[in-house]
Amino acid sequence: MDASTSLVFYENELVGFFTLKPDKIEVEDEEEGIKHVICLEISRIATSSSYQGRGIGTFMLLHIVNLARSVNYRYIVLDALIEKADWYINRNFIPLVESEHIVSNEHGLVYMYRDLYDVELVETFYDELTG
Numbered sequence: 001m002d003a004s005t006s007l008v009f010y011e012n013e014l015v016g017f018f019t020l021k022p023d024k025i026e027v028e029d030e031e032e033g034i035k036h037v038i039c040l041e042i043s044r045i046a047t048s049s050s051y052q053g054r055g056i057g058t059f060m061l062l063h064i065v066n067l068a069r070s071v072n073y074r075y076i077v078l079d080a081l082i083e084k085a086d087w088y089i090n091r092n093f094i095p096l097v098e099s100e101h102i103v104s105n106e107h108g109l110v111y112m113y114r115d116l117y118d119v120e121l122v123e124t125f126y127d128e129l130t131g
């Protein structure tokens, strides 16, 4: 699957980038059992060291979430460096293996996901539909 990299500029200076690609994850469904679902993988995301702490990473992540929603991806996945796991947890990502955000896997990474399904939005839609 092909990946796409986007560059983020501020006042003509490169301040960050991210690389996205489609991926598949296994999801357990109550009715269908285990099924493969297409998701969006954040392969790379980084902010220039001189711009860290200014919200650029959060801005990029929000842009990625909006992009994923616009093309109907329910899940976003990534491999976070162990030292960055809490940053992602604070932005609604969940470690697939709960203990990995404390002790990473053998690669020093924490596999994480974010579920974009919005229960309240769906319930509001159906309430308005049925009046």
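Numbering (UniProt numbering), first residue to last: 1 to 131. The C-beta atom is built at its ideal place from N, Cα and C for all residues, glycine as well.
Given residue i as reference, the closest of the options once Cα atoms are compared
| i | options | result |
| --- | --- | --- |
| I89 | T58, Y10, F18 | T58 |
| E46 | V8, E106, D115 | In the sequence on display, residue 46 carries Ala and not Glu. Nearest C-alpha to A46: V8. |
| Y51 | T5, E106, L14, G108 | L14 |
| E106 | I94, I82, L116, E128 | I82 |
| R54 | G16, D115, G33, D2 | G16 |
| M60 | T5, T130, T124, K24 | T5 |
| D23 | I34, D118, Y113, N92 | Y113 |
| L62 | L129, D2, R91 | R91 |
For residue i, the residue or residues it bridges with in DSSP
| i | result |
| --- | --- |
| F9 | L14 |
| R114 | I76 |
| T19 | T5, R44 |
| H36 | E26 |
| I94 | Y113 |
| V81 | Note that residue 81 is Leu in the sequence shown here, rather than Val. BP columns for L81 point to L109. |
Contact belief for residue i with residue j at Cβ below 8 Å, rounded distance in angstroms
| i | j | result |
| --- | --- | --- |
| S43 | L20 | 7 Å |
| Y10 | C39 | Rounded, the Cβ-Cβ distance is 29 Å, inconsistent with contact. |
| Y111 | D79 | 6 Å |
| E123 | V77 | So it is not a contact: roughly 26 Å between Cβ atoms. |
| I64 | F125 | Their Cβ separation, rounded to whole angstroms, is 24 Å, which puts I64 and F125 out of contact at 8 Å. |
Same chain, Cβ closer than 7 Å to residue i, five either side skipped, listed in chain order
| i | result |
| --- | --- |
| I56 | V8, V15, G16, T47 |
| Y117 | R74 |
| E26 | I34, H36 |
| A68 | L40, I76, L116 |
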